[in-house]
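Accompanying notes for the structure given below.
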Amino acid sequence: MDWNFDPKFQRSKPFHTLYFFHVLVHYHHDHSRLWRSPCCQHHGNGLHYFLYAVNLGLTSYIIGNMTNLVVEGTRRTMEFRNSIEAASNFVSRNRLPRRLKEQILAYMCLRFKAEHLNEQQLIEQLPKSICTNICQRLFLPTVANVYLFKGITKETLLIMVAKMKAEYVPPREDVIMQNEAPEDIYIIVSGEVEILECEKDQRERVIATLQSKDIFGEFGALCCTPQRFNYRTKTLSQLLRLKTTVLIESTQTKLEDYEQMLNNFLQHYKKLKDLSIGDQLLEENEEEVDQAGDPNMASNLLAVAKAGNAAFLDELLKAKLDPDIGDSKGRTPLHIAASKGHEECVLVLLKHACNVHLRDKKGNTALWDAIESKHHSIFWTLYNSAAISDPHIAGDLFCTASNRDDLTVMQELLKQGLNVDSKNRHGLTAIEIAMSKNNVEMVKLLVMNGADVTSNTKTYEFPQTTLNEMLQKREVGHQIRVPDTNQILLGSHGEGEQGCNLRECYSSTGSICPRVSIYRGNPLLRRETGCMEAGRLIRLPGSLEELRNIAGQKFGFDARNATVTDEEGSVIDSVDVIRDKDKLFIVEVPNSSM
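For the sequence shown, full-length UniProt numbering gives the first residue as 1, with consecutive numbering after it.
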């Protein structure tokens, strides 16, 4: 047999060569078996066995590669099968309800089917410039159409888009849970998301359904409050997730963008006031807001102050909005917060230097609104702030209540321990105004609470007999209100030494002089050693030197060089930083000569 091969065939691909040998082996095998006698077959046995071995090896190689390809193609399927089996065992072992089992299996099936759709891992491996271009191409058109980002500059949007992550979420999956911390916001690219409210009987009520280009989670993010609702996917949804910190940092780089975003947010929730989700921010009586409008949307401060959202109010004021904006009735955000009892909002407004002396069209200040609404903590916060610039603040309050014949507010002022004889800026007292108006009930209330009737009261046409009867009742033991103490019965010496001591508790401005507790020793050492040595309650003197002298007399040691600290061990250098009811510690300084 001639074994000369075609040169053209020898120049062909190796696979063709192997195929040729494969065919040749079969041909030689059949030809030798059919056309040669058994006695002659032994002459070609060597070549025959060689070609047969080549054929066997080639066949094994092909079968092995095909098997490897099949196994590689089914690896994901095998892993998916194992994960499904593990999940089923987990559900059975823990006796989870059928609904949870269906959710787990649905999520695993979605992850298996959408694994090739998740490009996030690929995007993260690329350089930052390429990632930015990809995100701009994929996400920017959707993000630009979201209500929250309308009017935002492209530079700010690119910063946010570059840090967004795309996610696929299966149907009936909770994306945000009720009372969850506001860590992320989500933008819907495709699919639907339901807003659910959990009622008292644990039943869920669908409030609204969000669709493509809607956003959720931004209320908690901007207002710094826990999420009020559940957000659950209704269909297979693609979402863009953005961290709250990234949102705030991106928009605050440009103040105008941050202000525009807050304006979009407020305008959007005004439109939702018919839904319970809008009631978190605004109430229905919007006629109180000045309809003249403000280009910097500062009037929205009134709505936020009314809702009591201190965190969002702080964000608006950081955007350089006017904290003293007024509504149609002249009421500022401070008026509204004080009357509603939102103490945190009051503190935020004071931090941003609002004017505490502004009056509305009725002539009321925020301080008056606070005491009229019986918000005593807010009253003292505003009083301490107003007394710094107005020494007649107590007298103005008393005289206003007396002039308006408002016994309720007058009683509240007396309960706070303010000096009933405080004068207003015109030099008048409350009892003088009450006597000039011949208001018997008001005069009786003031007299019974220790008002001075000996100066300038004889010029008023008030019945002297009625006044004498009031004074007699006061002297035989009527209860008189005094600052920071229970009601004390004054005996026949009510105008004597005891009365003088009570009057010393008032400062020249009509406010109560602060009282402090002093202790001997370092506060940290006292806490470590469990020292139970009693302290002393004293009236705060005018200087630290006087305070040291008093402490030395009370504790029996030379305290002229002692150090005054607070409860944390911080050294106090001035009495101006000491407040009423503070605890002070007198620390002895070791003698340097020893």
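Glycine included, C-beta positions come from ideal geometry on N, C-alpha and C.
Three-state secondary structure assigned by DSSP to residue i
i: K423; result: coil
i: E167; result: strand
i: K320; result: coil
i: H478; result: Reliability fails at H478, whose pLDDT of 42 lies under 50, so the model's placement of it is uncertain and the value that follows must be treated cautiously. Three-state DSSP puts H478 in coil, outside helix and strand.
i: V175; result: strand
i: K243; result: strand
i: S436; result: helix
i: residue 623; result: Residue coverage of the chain in this structure runs from 1 to 594, which leaves residue 623 outside it and unanswerable.
i: S250; result: helix
i: S328; result: coil
i: Q10; result: Since pLDDT at Q10 reaches only 46, below the 50 mark, its modelled position is unreliable, and no value is offered.
i: T142; result: helix
i: S83; result: helix
i: I159; result: helix
i: T235; result: coil
i: A310; result: helix
i: H342; result: coil
i: L96; result: coil
i: E180; result: coil
i: F112; result: helix
i: D257; result: helix
i: L471; result: helix
i: P463; result: coil
i: N501; result: For N501, the pLDDT reaches just 41, beneath the cut-off of 50, and the residue's location in the model is therefore unreliable, although a value from the coordinates is still provided. In this structure, N501 counts as helix in the three-state DSSP scheme.
i: A451; result: coil
i: K101; result: helix
i: K444; result: helix
i: L418; result: coil
i: T74; result: helix
i: L262; result: helix
i: D290; result: Any reading at D290 is ruled out, since the residue's pLDDT is 42, under 50, leaving its predicted position unreliable.
Contact under 7 Å by Cβ, residue i with residue j
i: residue 680; j: L148; result: This structure gives no information on residue 680, because the portion of the chain shown stretches from 1 to 594.
i: I431; j: L446; result: yes
i: A370; j: S402; result: no
i: L110; j: P170; result: yes
i: S385; j: L350; result: yes
i: P333; j: L302; result: yes
i: N230; j: D174; result: yes
i: E218; j: I187; result: no
i: G552; j: P523; result: no
i: E412; j: I378; result: no
i: residue 619; j: R205; result: The question about residue 619 has no answer here: the residues shown for the chain are numbered 1 through 594.
i: S250; j: M160; result: yes
i: T245; j: A221; result: no
Residue span of the alpha helix (DSSP H) that contains residue i, given as start and end
i: R137; result: K128 to L138
i: G395; result: I393 to N403
i: E412; result: L407 to K415
i: I152; result: No alpha helix (DSSP H) holds I152; DSSP gives it neither H nor E.
i: T381; result: H376 to S389
i: V356; result: Here V356 belongs to no alpha helix (DSSP H), and DSSP marks it neither H nor E.
i: P372; result: In the sequence on display, residue 372 carries Glu and not Pro. Element bounds for E372: A366 to E372.
Limits of the beta strand (DSSP E) - the one that residue i falls within
i: L301; result: Taken as a continuous stretch (DSSP letters only), L301 belongs to no beta strand (DSSP E), being part of the alpha helix (DSSP H) at N300 to A307.
Residue closest to residue i, alpha-carbon to alpha-carbon, out of the options
i: Y258; options: Q238, E155 and A305; result: E155
i: I195; options: K213, I176 and Q202; result: I176
i: R539; options: L525, D558, R515 and L524; result: R515
i: A362; options: R331, H352, L47 and A338; result: Reading off the sequence, residue 362 comes out as Lys, not Ala. Checking every option, the nearest Cα to that of K362 belongs to R331.
i: K213; options: L240, T244 and L316; result: L240
i: R137; options: A162, G151, T153 and V146; result: A162
i: K318; options: A353, A307 and G308; result: A353
i: T400; options: L584, V420 and E167; result: V420
i: W428; options: D396, N439, Q411 and L418; result: Going by the sequence as given, residue 428 is Leu instead of Trp. It is D396 whose Cα lies nearest to the Cα of L428.
i: D576; options: I388, E528, V440 and E344; result: I388
i: R75; options: G450, L58, A86 and F112; result: F112
i: V571; options: F585, D558 and C345; result: F585
i: N355; options: H376, S60, Y383 and S328; result: Y383
i: E533; options: L242, S574 and G521; result: G521
i: residue 681; options: I336, D406, I393 and H357; result: Given that the chain is displayed from residue 1 to residue 594, the structure contains no residue 681 and the question cannot be resolved.
i: K444; options: M410, Q416 and R425; result: M410
i: T77; options: R526, L100 and M108; result: M108
i: S436; options: V346, K423, P463 and S422; result: P463
Jot down the residue ranges of each uninterrupted beta strand (DSSP E) in the segment 182-231, minimum 3 residues, whole runs only, in chain order. 184-190, 193-198 and 204-210
Output the residue ranges of the alpha helix (DSSP H) runs that lie fully inside the UniProt domain "KHA" (515-594) and measure 4 residues or longer, sorted by chain position. 523-529 and 544-555
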